[in-house]
């Protein structure tokens, strides 16, 4: 597999074209992933890679954009830049500290959300991958299991946009459809069921969040994505998930789905609901229905 046992300062040559680290620049010799992601995302990743290369040259051998930016559903102002950064070996403590300083200086406007892992761990079942650093916004959590799950591995393998490193198809990435389905079902039955129970009580942070516009869109489209994954084995964007749900579930749910798609697309037309309380109630009812349907 490319990149596992290389000395510092070297880069492998793939059959479809050599890939190199341009000093102080984004990407790969082919840079094919750059053609598929929004310009604002490219610029933010460029700033990040320049910063990392300046303080820890050669550490980040692969950088892949996943999530909404790779799926054609990036929404400036609401979407994070989901990523997988790959190193030859787990970073030393001093390197993790330096990475933390890099993330702390990044812009608040376009936030990175992703993991640092190794080529070797990508070839393993994500449940067996070593804990590693996770970046969320301008904070770096040094050692955690967050986002080390089948959705991340499958997203990288199927939809990852290579900004630096070989194409995902050229990397040994462990994917298992049965494992993906098992994780999606468990996430609905665990995380989302617990979230629903908290949100059903209005005088709680989760309950109050559902009175905002983004709260209903987040839960309705989030559970719809997992439902689609369970049915098809595929990973899709939040917008595509809303469209899937609209074509799948009874017409009684069309209004809340249309409302959440309106919010997701940044459409500032008038809400389809008279007040946020009725919208919240229907979003929670839909979320509960999807969880029950999937299980």
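Residue numbers (full-length UniProt numbering): 1 to 295.
Glycine included, C-beta positions come from ideal geometry on N, C-alpha and C.
By the neighbour-count criterion, in which 16 or more other beta carbons inside 10 Å mark a residue as buried, residue 79 falls on the buried side. The alpha carbon of residue 123 has as its nearest neighbour, out of 290, 173, 41, 264, the alpha carbon of 173.
The C-alpha of residue 113 is placed about 20 Å away from the C-alpha of residue 127. Note on residue 168: 16 or more other CB atoms within 10 angstroms of its CB, so buried under the neighbour-count rule.
For residue 290, no pairing in a beta bridge is given by DSSP. Residue 182 places its beta carbon 7 Å or farther from that of residue 235. DSSP lists no bridge partner for residue 280. Our two residues, residue 196 and residue 147, have alpha carbons roughly 21 Å apart in a direct line. In this structure, DSSP gives residue 222 a helical state, which the three-state scheme calls helix. Between residue 239 and residue 279, the beta carbon gap of about 19 Å keeps them out of contact (Cβ cut-off 8 Å). Contact annotation: residue 211 and residue 276 have beta-carbon atoms nearer than 7 Å.
For residue 180, the CB contacts under 6 Å within the same chain, skipping 5 residues up- and downstream, are 150, 154 in chain order.
Judged by their CB atoms, residue 87 and residue 59 are nearer to each other than the 7 Å cut-off.
In the DSSP assignment, residue 136 is bridged to 113, 139.
Ranking 103, 96, 77, 91 by CA distance to the CA of residue 49 puts 103 first. In the three-state scheme derived from DSSP, where H, G and I count as helix and E and B as strand, residue 84 is classed as strand. One Cα belongs to residue 159, the other to residue 213, and the distance between them is close to 28 Å.
Bounds of any alpha helix (DSSP H) do not take in residue 62; it lies within the beta strand (DSSP E) bounded by 62-66.
Each residue's CA atom was taken as its position, placing residue 241 and residue 291 some 15 Å apart. DSSP places residue 42 inside the alpha helix (DSSP H), whose first and last residues are 39-55.
The DSSP-derived three-state label of residue 212 is coil.
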